[in-house]
Structure formats: structure tokens, C-alpha cells
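First comes the structure, then the notes that go with it.
2 protein chains.
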Amino acid sequence: MILLDGNKLSEIIRKEIAIRVIDFCGKDHRPPHLAAVLVGNNPASQAYVRNKIKACEEVGFASTLIKKPESISQSELLNLIDSINEDPLIDGYIVQLPVPRHIDEVEINLRIDPNKDVDGFHPNNFGRMALGLSSFLPATPMGIMMMLDRYQIPTDGKHCVVLGRSNIVGTPITLLMSKKSKPGNATVTIAHSRTQNLSQITRSADIIIAALGIPYFVKADMVSDGVCIIDVGINRIDDANSSKGYRLVGDVDFENVKHKCSAISPVPGGVGPMTITALLENTWKAFREKK
Amino acid sequence: MILLDGNKLSEIIRKEIAIRVIDFCGKDHRPPHLAAVLVGNNPASQAYVRNKIKACEEVGFASTLIKKPESISQSELLNLIDSINEDPLIDGYIVQLPVPRHIDEVEINLRIDPNKDVDGFHPNNFGRMALGLSSFLPATPMGIMMMLDRYQIPTDGKHCVVLGRSNIVGTPITLLMSKKSKPGNATVTIAHSRTQNLSQITRSADIIIAALGIPYFVKADMVSDGVCIIDVGINRIDDANSSKGYRLVGDVDFENVKHKCSAISPVPGGVGPMTITALLENTWKAFREKK
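In order, the protein sequence lines correspond to chains S and H.
No gaps in the numbering here: position 63 of the first sequence is 63 in this note's numbering, and each next residue is one more.
Count along the second sequence from 1, add 291, and you get the number used in this note's numbering.
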């Protein structure tokens with residue numbers, strides 16, 4: 001069984017990016033610059049943004065954290081987006097989700113300049129991806145593709161079962177895995193809460209990408225020997241033994257499933273760091289393709 | 292076995308559209324206006340465009356056919372697109388595909404105003420569709436959804452196998468069928484030329500949507516009893532008995548498969564007319580939502 005180690009792989013790729021920054025920027029160019037907009041005090045969001053900023057430092061990118069109070073109005077946030085769009089010193093940026101309930105997330109997303117949309121959630125980028133054109137890919141599916149690529153997991157003609165149909169993971173990874181590309185070129189089944197006979201479908205899978213957000217959902221009797229599993233779930237469950245009072249687990253019952261796998265990604269330390277590494281790659285792309 | 296009669300259903304829906312036009316436009320409003328750009332003399336394209344123009348007349352839409360010679364340059368075609376984008380009297384338009392080889396189809400597509408893009412191929416519309424936002428849906432998958440809806444084919448939780456991954460049919464119908472919508476909410480498998488064990492997959496399908504462009508590809512032994520089949524193929528095969536020297540057949544071996552089906556769409560007279568009816572619906576939408 002190969003452990004798809006997102007930490008180790010990210011370390012390698014981030015070193016490559018750091019070298020690119022040194023090679024290209026030298027003394028003459030400013031480095032790539034990522035901004036992150038964080039609204040409110042959600043502890044998980046704070047941790048995610050902190051990790052993204054830290055990753056920027058690691059590869060030599062500039063970064064800016066723009067913190068706004070929970071009470072920010074829709075129009076204030078839109079004005080902020082407009083000013084970032086126009087700022088020539090910011091190459092790419094993200095608005096950390098979720099935003100507070102009174103904020104219209106769709107309107108915010110539509111306002112982001114597609115050329116700076118390193119999260120790849122603007123319809124223009126999402127549509128370009130779906131049509132097979134060059135675009136910013138959403139960071140999590142992009143991180144998964146990088147993982148499959150670097151670990152040389154065979155995907156061509158394989159049956160890939162995607163669990164979950166979210167805009168953030170399930171839908172875009174279905175598109176990417178089905179395209180005539182490498183990795184990709186897989187027969188893809190997209191399954192979700194309404195799916196009947198799910199175990200029968202997962203047992204027919206060569207590759208399972210689990211992105212449901214349900215702890216330990218994928219059990220040993222649901223998979224066949226030799227399957228490759230990418231676990232995208234990041235679920236907090238209570239743990240009295242942890243100083244934080246919780247621990248993170250994936251959508252896969254890792255301990256009982258791993259013996260059947262040809263390869264499997266752990267949680268934490270699998271897709272999570274790859275997502276941030278993909279964000280760095282997108283920021284690099286935004287920097288280099290700047291119009 | 293229910294024959295999914297695209298001609299009959301289109302007639303019903305087009306009458307509904309015609310009534311909407313009369314009700315809304317009366318004497319005070321000009322009717323919706325569709326334009327079609329046709330480059331060159333491809334006989335199939337000429338026939339398709341003719342049918343679209345005829346359908347406009349049927350429902351009381353205005354229409355304009357803009358014919359350009361095969362020799363038109365990229366910049367001349369782009370200028371034409373710009374002028375149509377700016378024409379306040381044209382609500383929606385299509386550029387009939389395929390365009391000649393010297394024309395960059397992607398650049399043409401990107402130049403179309405998304406608000407007039409009634410073919411739904413601009414990344415902005417395609418992305419909005421993929422994200423589940425309101426958009427112009429590509430006409431063929433939209434026509435299929437209308438057909439499933441009006442014939443009340445159960446799709447919720449069903450296994451839908453899509454054959455083909457084109458941007459025009461396979462990819463968008465996969466997106467639409469997997470969304471939490473009605474019709475939709477299906478478990479969808481997208482299969483293509485690289486798929487292994489295809490017959491096993493198609494035999495597990497409750498619904499098959501065949502869009503490969505290979506005559507008679509789906510045979511009786513590839514499907515299970517009770518399947519619903521939507522045949523999207525429009526293939527010309529030689530036929531000495533026809534005055535034209537050819538006839539149109541689908542991707543399904545209709546005569547040998549139909550006995551096993553709960554429902555099946557014929558070729559011709561199935562998805563073809565529904566595609567044009569969907570185009571009319573999109574033109575109506577463009578007219579009513581005009582900015």
C-alpha cells in the first residue's frame with residue numbers, strides 16, 4: 001500500500017516553486033503576491049488562511065491578509081473586491097469561505113476578476129475548465145490531480161467513483177477526471193446522497209474520491225482489493241484525549257480500509273496540504289500570465 | 292414501450308411559446324429576434340439553420356440569417372460578432388458549427404456576448420450551468436431535460452449512463468443530470484472511447500444517453516430490460532433506396548433494442564427537434580431578461 005503523502009509531496013512541489021521564484025524574480029522582479037480576505041472569526045477559517053499565508057512565505061511569495069469584521073456589509077465587501085481587482089500589486093486573491101450569512105456569496109464570487117481568481121470559482125474559470133480550456137482550476141481538485149500525477153496512479157480507462165457533487169470538489173473533479181488528459185481519461189461515476197446501491201458502485205471502482213463530509217463513511221466492505229482512495233473529507237470529531245478537544249478525520253475509515261488499497265491518502269496530511277500547494281501554483285500562474 | 296416523440300412534444304411546446312409571444316408582445320412589443328450566422332456551404336449546416344429559422348416563424352419570432360462566404364477572415368467574423376453584440380434588435384444568436392478550418396472557433400465563442408449566447412457555449416454560461424446558477428443551457432442537453440421532464444421519466448436516484456464526453460452533449464448532460472434538480476438527481480456515469488467493460492456499465496443503467504456519433508453502437512445485449520434510452524446520434528449512412536442517397540440513424544440499434552426499453556427516443560424525430568425547441572426557449576429567455 002502506497003501512502004499518498006500530501007505533506008511530503010507538497011514539500012517537494014513547494015521547493016520547485018521557490019526555485020522558480022528565485023530564478024524568475026532575481027533582484028529585478030517583485031515576487032508573486034497572494035491576498036486573502038477573511039471575514040469574521042470562524043476558527044477553522046482563521047486556521048486555513050493562516051496556513052495559506054505561511055505557505056506563501058515558504059515559497060517566497062508576498063502575501064497580504066485582509067481581515068474584516070463579521071459585521072461588514074455586502075456593499076463594503078464588494079468595494080473591497082473592486083479595489084483588490086484594480087490593485088496592480090496583487091496577482092491573485094481568495095475570499096475565504098464561508099462568509100457570514102448576510103453576505104451574498106454568489107454576488108461576491110461574480111465580482112472577483114477572473115484573472116485574479118486563484119480559487120477558480122468564478123463561472124468564467126469554471127466554464128473554461130468544463131470546456132477543457134486553460135483556466136485557474138479550483139484548488140482542491142487541482143491538488144488531487146497533482147497528487148495522482150506525481151504518484152503516477154493509472155487513471156486512463158479506469159473507473160473513478162466520486163462521492164459528493166459539491167461545486168468545490170465533486171463536480172469539478174468529475175469534469176477533470178473524465179477529460180482526455182493525463183491524469184484523467186477515466187470513466188467517472190458521480191454519486192451523492194440520492195444514489196442507490198452505493199456499495200455496489202464503490203466496489204466496482206478502481207479509484208474512489210470521497211468528498212461527502214461524513215466521518216468514516218467509506219467502510220472496508222464498500223471497496224475492492226487494489227482500489228486507490230483519495231480522501232477529501234476534513235471532519236472534526238470530539239476527542240477528549242486531544243488538547244484541542246477534537247481531532248480531524250476523513251470520509252474514509254482509514255484504519256480498516258487501508259489494507260485493501262493499492263494507494264490511499266490520509267487525513268490529515270493528504271489532500272489538505274495539496275490544496276494549498278495548488279493555490280500557490282495558481283498564484284504563480286496569475287503572476288506569470290498577468291495581463 | 293413509450294416512444295419519446297420529439298416532433299409531437301416540440302409541437303406542443305412551440306404552441307406554448309407562440310401563445311407567450313402573442314400574450315406578451317401584443318401590438319406594443321416587437322417579437323423576440325434570433326439571428327443565425329452561417330459560414331460557407333456545408334449542406335448539413337444549411338439544413339440545420341433552415342430548420343431553426345423555420346421554427347422561429349412557427350412561434351412568431353423574428354429571425355435573421357446572416358450568410359458569409361467560406362473565405363471570410365477571422366477578423367471579419369469577429370467584427371460581425373461585435374456588431375451583432377451591439378445590435379439592440381437582436382436578442383440572441385448562434386454561430387452555426389462547424390466553422391471553416393482557418394477560423395479559430397474558440398476565439399469566436401469567447402467573443403459572443405454571454406447575454407445573447409443562446410447556444411450556451413460561452414464559458415460564462417457553461418460555468419454558471421456547472422455551478423448550478425441560472426444560465427443559457429446548451430440546446431441539446433436542455434432539449435433532453437425538457438423531454439425527460441414532459442414525459443415524466445423518473446430520474447431521482449436512478450443510474451444514468453452518458454456515452455460520450457463532448458462539450459456539446461456528454462459533458463453538459465452529465466452536469467445537469469447529477470444536479471439536485473428535477474429532472475436530475477441521478478447517479479451519473481460518463482463513459483467514452485477509453486472506457487473498459489462498457490457493456491457491463493450500460494447494463495447497469497436505468498437511463499442511457501447516447502451521444503457518441505457512431506451508428507447503431509448501442510446493441511440489445513448492452514442494455515437491461517426497462518431501460519430508458521435517449522439517442523442523441525445523428526449519423527448519415529448510405530441508402531440507395533433514398534432519393535438523397537443516405538438516411539439518418541442514431542447511435543442506438545433502435546429496431547433491435549426498442550423491445551427492451553421502457554422508453555426510447557427515435558432518430559430522426561427525437562432529440563433533434565427538441566434541440567431546436569430548446570433554442571427557442573433560450574431566445575425567449577434572452578428576450579425577456581434583456582439588460
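Positions of the beta carbon are idealized from the N, C-alpha and C atoms, including for glycine.
Nearest-angstrom Cα distance between residue i and residue j?
i      : j      : result
H/D410 : H/D319 : 28 angstroms
H/H324 : S/T283 : 43 angstroms
H/G434 : S/R111 : 31 angstroms
S/S176 : H/N406 : The sequence shown places Leu at residue 176 of chain S, rather than the Ser named in the question. Rounded to the nearest angstrom, the two C-alpha atoms are 27 angstroms apart.
S/L4   : S/R194 : 29 angstroms
H/A511 : H/S490 : 10 angstroms
H/M250 : H/Y507 : Coverage of chain H is limited to positions 292 through 582, which leaves residue 250 of chain H absent and any answer about it impossible.
H/N532 : H/L539 : 13 angstroms
S/E107 : S/F121 : 12 angstroms
S/R150 : S/S262 : 15 angstroms
S/G132 : S/I173 : 13 angstroms
H/D530 : H/G561 : 21 angstroms
H/I394 : H/N526 : 25 angstroms
H/I363 : S/G127 : 28 angstroms
H/D542 : H/M436 : 19 angstroms
H/G448 : S/L65  : 43 angstroms
H/S515 : S/I19  : 56 angstroms
S/F24  : S/G92  : 18 angstroms
S/I17  : S/E289 : 16 angstroms
For residue i and residue j, which I take to be in contact (beta-carbon distance under 8 angstroms), what is that distance rounded to the nearest angstrom?
i      : j      : result
S/V59  : S/L280 : 6 angstroms
S/I229 : S/S265 : 7 angstroms
H/P414 : S/N124 : 5 angstroms
H/T446 : H/P474 : 4 angstroms
H/V330 : H/E361 : 7 angstroms
S/T187 : H/I528 : With 8 angstroms as the limit, S/T187 and H/I528 do not qualify as a contact, their Cβ atoms being about 28 angstroms apart.
H/L428 : H/M420 : 6 angstroms
H/V381 : H/A327 : Correcting the residue type first, residue 381 of chain H is Ile in the shown sequence and not Val. H/I381 to H/A327, Cβ: 10 angstroms. No contact.
S/V257 : S/V218 : 6 angstroms
S/R14  : S/T275 : The Cβ separation is near 13 angstroms, so there is no contact.
Run the CB neighbour count on residue i, radius 10 Å, all protein chains shown included, and call it buried at 16 or more, exposed below.
i      : result
H/Q387 : buried
S/H159 : buried
S/M297 : A question about residue 297 of chain S goes unanswered here, because the residues of chain S that appear run from 1 up to 291.
H/G517 : exposed
S/H192 : buried
S/D206 : buried
S/L9   : buried
S/N41  : exposed
S/Y246 : exposed
H/S426 : buried
S/D253 : buried
S/S63  : buried
S/K54  : exposed
S/K244 : exposed
S/G6   : buried
H/G317 : exposed
S/K179 : buried
S/N185 : buried
H/P379 : exposed
H/D373 : exposed
H/K343 : buried
So, with DSSP's three-state summary, where would you put residue i?
i      : result
H/R538 : strand
S/K52  : helix
S/G92  : strand
H/K359 : strand
H/I528 : strand
S/T174 : helix
S/I17  : helix
S/S73  : coil
H/I555 : strand
H/H450 : strand
S/T195 : coil
H/H393 : coil
H/L571 : helix
S/I81  : helix
H/V350 : helix
S/H29  : coil
H/I498 : strand
S/L38  : strand
S/L9   : helix
S/L3   : strand
Quick check: is any heavy atom of the ligand SAH less than 7 angstroms from the C-beta of residue i?
i      : result
S/E255 : Although the ligand SAH was asked about, the structure shown includes no ligands whatsoever.
Inset, instruction - Count the CB pairs spanning the region 493-511 of chain H and the region 439-455 of chain H that are closer than 8 angstroms, and state whether there are at least three. - result: yes
Legend entry - Given 8 angstroms, three or more beta-carbon pairs between the region 72-89 of chain S and the region 43-54 of chain S: no
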